[in-house]
Amino acid sequence: MEKKKAAAARSARKERKSHGAARKRARSGDCDVNAGDFISRLPDAVLGTIISLLPTKDGGRTQILSRRWRHLWRSAPLNLEVITGPPGSYPRHHHPSAVHHSAVSKIISQHLGPARRFCLKHLIDGDLPEMESWLDSRALISLQELDIINYTGYKTGYTLPQSVFRSASTLLVAKIMGCNFPDAITRSMNFYLLNQLSMDCVSISGDVFHGLLSGCHALESLAMLEVHAAGCLRVSSPTLRSIGFRKGSRKRAELVLEDTPRLERLLLPYCDRNNSATIRVIWAPKLQIFGPFSTGACELRVFQVAATDIIQHSYMEMVIFYVGCFLQGMSPVSSTNSIHTVKVLALGCSEHQLGAVLDVLMWFPCLEKLYVTFHAHYRTFKQNEHHYDPLHPACLQTHLKRVVFKLFKGSKQQIEFVMFFILYVKLLKKIEFQVCGDYYNTEFVARQRALLKVGNRASRYAQFTFRNTSGCTDDHVTKHIHDLSLADPFRLP
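Numbered according to my numbering, the sequence shown spans residues 1419 to 1911.
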């Protein structure tokens, strides 16, 4: 018995000693696997990557985790987010991860490793002299991500310095907002790796824009939102797959897609709010997703290209969209000038414009999915149309399988609009109604189902679904301009 008691006492002493050592290691910050800190046993390169994905302040705080992390902060790739303006002049909860520009020079000089991302949020009028010295520093020479955001707007005359493009050869992602591009960009500049480019509320000349794109050799997605340009914006790119465009001034703007052989998506968020914008699609043989654009604010014309071009490219149309004009008469559609590649189309209209929608669908004979957004402010575009040919457009008989009606309120005119698709779309599998939150309830859904339940519908297997939605549908489109993994950027999650 005494031997058992002695053994138990020795075991208790060992356990107390072990716990004491663990507490001591925890206090000293030197955790190990036995203490449950498996992450700290990862290789330095992996831990450095983790730190580089964190904002500047959070990356610095990793030093308190354990001794293992203390040396990593100074050598890990830097994720530097900077904010300008007098201290206390901006709400901290809007920029919790940003450091004040007064601390940037010290951070850069003391940091031994490179920088992965540099983001500048400029909140004050005028230039920021320090920025050129920051971008010329050794730490920022191999940036992968660059964000220059000038909240005061391009009209304040803030022009990007040439040093912004010093990391051109290593950049993967770039976003420029609220700035003026310089009058000239070095011709030898090459963006070998740049995959995403966003220009929001910027001023740029047509020549500089063309030179900028000419240097992009891997660009897959391009966002041009409120671009103020003098001259025509011409896009020729063998790699582009997605383009988002929204003009930004009341003056006429022109976007020409001259040579985009891999372009799959042309997204036009808020196009109904633009005036006098012209979009010319000359060569886009893989274009599958298009819109949203307004039938009440577009004039669509189709021109057949030269016969030699038809043989060479097997693509027979040049499509010109005039945004800001009322939909007028369109030239007759034939198999040689329709757009067979587009599978997903988004339109904006009023409930009175069924004829205008059907006219647009004539150009897309292989359309499989259609989004229609009812806009109340389009009611001025009333068209007293009563006679429609159910055999046209061709997509109604051969391809269209899904229709989504957004901002649906269940008015008499909207029901009549929807009823046409129920009665004449032969392969229809699903109609989805996205209902404004103020209208959506159990009684509303039951009433709409009763009104839409018709015995002579074209597709017996069509299903009706109702969703409660709110907010602007175009916001969702804007967020997914660069998300090429998303098969349908118009579809809500």
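In this text, a Cβ means the ideal position worked out from N, Cα and C, and glycines have one as well.
Query                                                                                                                              : Result
Cα-Cα separation, residue 1872 to residue 1612                                                                                     : 53 Å
Counterpart residues of residue 1881 in DSSP-defined beta bridges                                                                  : 1848
Identity of the residues DSSP links to residue 1661 by a beta bridge                                                               : 1640, 1684
Residue range of the unbroken beta strand (DSSP E) whose run includes residue 1791                                                 : 1787 to 1792
Whole-Å CB distance - residue 1705 paired with residue 1759, under 8 Å assumed                                                     : 5 Å
Rounded C-alpha distance that separates residue 1571 from residue 1878                                                             : 54 Å
Delimiting residues of the beta strand (DSSP E) encompassing residue 1614                                                          : 1614 to 1623
Beta-carbon proximity check, residue 1676 vs residue 1650, cutoff 7 Å                                                              : no
Expected contact under 8 Å - CB spacing of residue 1850 and residue 1885 to nearest Å                                              : 7 Å
Member of 1911, 1902, 1910, 1908 whose CA lies at the smallest distance from the CA of residue 1681                                : 1902
Delimiting residues of the alpha helix (DSSP H) encompassing residue 1812                                                          : From DSSP, residue 1812 is part of no alpha helix (DSSP H); its letter is neither H nor E.
Cβ neighbour criterion (16 or more within 10 Å) applied to residue 1859                                                            : exposed
Status (buried if at least 16 other CB within 10 Å, exposed otherwise) for residue 1635                                            : exposed
Other residues of its chain near residue 1496: CB distance less than 6 Å, five sequence neighbours each side excluded              : 1529, 1533
Beta-carbon contacts of residue 1779 that lie in its chain and below 7 Å, excluding the five residues immediately before and after : 1785, 1811, 1813
Simplified DSSP assignment, three categories, for residue 1632                                                                     : helix
Test item: CB-CB of residue 1765 and residue 1790 under 7 Å                                                                        : yes
Outcome for residue 1712 when other beta-carbon atoms lying within 10 angstroms are tallied against a minimum of 16                : buried
One or two residues paired with residue 1540 in a DSSP bridge                                                                      : 1568
Within-7 Å CB hit, residue 1479 to chain C                                                                                         : Protein chain content of the structure displayed is limited to a single chain, and chain C is not contained in it.
Residue 1516 beta carbon less than 7 Å from that of residue 1526                                                                   : no
For residue 1576 and residue 1542, the rounded distance between their alpha carbons                                                : 10 Å
Other residues of its chain near residue 1892: CB distance less than 7 Å, five sequence neighbours each side excluded              : 1687, 1688, 1710
One or two residues paired with residue 1595 in a DSSP bridge                                                                      : 1567, 1618
Nearest-angstrom beta carbon gap, residue 1847 and residue 1824 [assumed within contact, 8 Å]                                      : Actually they do not touch by this definition, with Cβ atoms about 18 Å apart.
C-beta atoms of residue 1869 and residue 1840 nearer than 7 Å                                                                      : no
Buried/exposed call for residue 1461, threshold 16 Cβ in 10 Å                                                                      : exposed
Identity of the residue in 1794, 1487, 1816 nearest residue 1782 by Cα                                                             : 1816
Nearest-angstrom beta carbon gap, residue 1638 and residue 1660 [assumed within contact, 8 Å]                                      : 7 Å
Whether residue 1888 touches residue 1855 by CB criterion (7 Å)                                                                    : yes
Residues that DSSP places opposite residue 1824 in a beta bridge                                                                   : 1791, 1852
Any non-hydrogen atom of the ligand NAP within 6 Å of residue 1771 CB                                                              : As presented, the structure is devoid of all ligands, the ligand NAP included, so that no description of it is given.
Which of helix, strand or coil DSSP assigns to residue 1896                                                                        : helix
Rounded C-alpha distance that separates residue 1800 from residue 1770                                                             : Low local confidence applies: a pLDDT of 48 at residue 1800 is under 50, so the model's placement there is unreliable, with the coordinate-based value given in what follows. For residue 1800 and residue 1770, the distance between alpha carbons rounds to 5 Å.
Beta-carbon proximity list for residue 1471, same chain, < 7 Å, skipping 5 on both sides                                           : 1497
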